[in-house]
Amino acid sequence: AQSVSQHNHHVILSEAASLELGCNYSYGGTVNLFWYVQYPGQHLQLLLKYFSGDPLVKGIKGFEAEFIKSKFSFNLRKPSVQWSDTAEYFCAVNADGNKLVFGAGTILRVKS
Amino acid sequence: DAGVTQSPTHLIKTRGQHVTLRCSPISGHKSVSWYQQVLGQGPQFIFQYYEKEERGRGNFPDRFSARQFPNYSSELNVNALLLGDSALYLCASSFYRAYSSGANVLTFGAGSRLTVL
Chain A
20 AQSVSQHNHH VILSEAASLE LGCNYSYGGT VNLFWYVQYP GQHLQLLLKY FSGDPLVKGI
80 KGFEAEFIKS KFSFNLRKPS VQWSDTAEYF CAVNADGNKL VFGAGTILRV KS
Chain B
110 DAGVTQSPTH LIKTRGQHVT LRCSPISGHK SVSWYQQVLG QGPQFIFQYY EKEERGRGNF
170 PDRFSARQFP NYSSELNVNA LLLGDSALYL CASSFYRAYS SGANVLTFGA GSRLTVL
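This is the structure in structure tokens:
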């Protein structure tokens, strides 16, 4: 069965610090990869997605993620975080037709 | 454009009762999926419906059932509620059934928070 592992459950950063959230998945075939974000009091929103092509994908609000097939990874990055990036971030993989498998999430708190 | 709408937003039930949660997809979306998000965990896939037929089912007991109506709205039903069913139930819609197209992504609603006492 597919699984998604997010390495850190809680991350605390100061504003302007760089961010990297780890995501690894277990599936040997073709996958589609996603990062979703849930801001406090809001619903899950798509941050970025990878289907094919350039393994470095750019999303909204300055986020990017790199798909490294050999490492089964899809890490999320942002060069300089803002207080408004405080949220919970979920990595998800689709490899089975019609469902997403989510990681447990990483809660990011940015100190102003 | 209205997003995915879910009702009710919050509800409290007691063990053994049943519950019905409702979802209206984005206009034009034909696929509706249901996810359960327990506190501290990521969402878990329960069902997908496409064109009114069940197209996928996650690892949930038969107490969970769903259906999709001709207008593509959907209901999730849970019978014989257990304490462990307390969770945020998310509905998501998409245009297509599968993810072969980069344009086909899930859009989530705000969820229905169910508390079972």
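Quick mapping for you: the protein sequence lines, in order, are chains A and B. Per our numbering, the first sequence starts with residue 20, numbered consecutively. Per our numbering, the second sequence starts with residue 110, numbered consecutively. We put the CB at the ideal spot given by N, CA and C, even for glycine. Computed from a prediction, not measured in an experiment: that's the story for all the values here.
Three-state secondary structure assigned by DSSP to residue i
{"i": "residue 31 of chain A", "result": "strand"}
{"i": "residue 135 of chain B", "result": "coil"}
{"i": "residue 192 of chain B", "result": "helix"}
{"i": "residue 90 of chain A", "result": "helix"}
{"i": "residue 48 of chain A", "result": "coil"}
{"i": "residue 68 of chain A", "result": "strand"}
{"i": "residue 165 of chain B", "result": "strand"}
{"i": "residue 103 of chain A", "result": "helix"}
{"i": "residue 80 of chain A", "result": "helix"}
{"i": "residue 187 of chain B", "result": "strand"}
{"i": "residue 222 of chain B", "result": "strand"}
{"i": "residue 130 of chain A", "result": "strand"}
{"i": "residue 176 of chain B", "result": "strand"}
{"i": "residue 119 of chain B", "result": "strand"}
Proximity test, Cβ basis, 7 Å: residue i and chain A
{"i": "residue 134 of chain B", "result": "no"}
{"i": "residue 145 of chain B", "result": "no"}
{"i": "residue 172 of chain B", "result": "no"}
{"i": "residue 176 of chain B", "result": "no"}
Residue i: contacting residues in chain A (beta-carbon distance under 7 Å)
{"i": "residue 151 of chain B", "result": "109, 121, 122, 123, 124"}
Chain B within 7 Å of residue i, Cβ atoms only
{"i": "residue 97 of chain A", "result": "no"}
{"i": "residue 118 of chain A", "result": "yes"}
{"i": "residue 65 of chain A", "result": "yes"}
Interface partners of residue i on chain A, CB under 8 Å
{"i": "residue 137 of chain B", "result": "Here the premise fails: no neighbours, minimum Cβ distance about 17 Å."}
Contacts of residue i in chain B (Cβ-Cβ under 7 Å)
{"i": "residue 62 of chain A", "result": "217, 218, 219, 220"}
Per-residue contacts from residue i into chain A (C-beta, under 9 Å)
{"i": "residue 165 of chain B", "result": "115, 116, 117, 118"}
{"i": "residue 169 of chain B", "result": "Result: empty, since nearest Cβ-Cβ is about 12 Å, beyond 9 Å."}
Would you check if there are 3 or more beta carbon pairs closer than 8 Å linking the segment 129-138 of chain B to the segment 153-166 of chain B? Taking 8 Å as the limit for Cβ pairs, the verdict is that the segment 153-166 of chain B does not touch the segment 129-138 of chain B.
The segment 181-201 of chain B / the segment 141-151 of chain B touching (three or more Cβ pairs under 8 Å): yes
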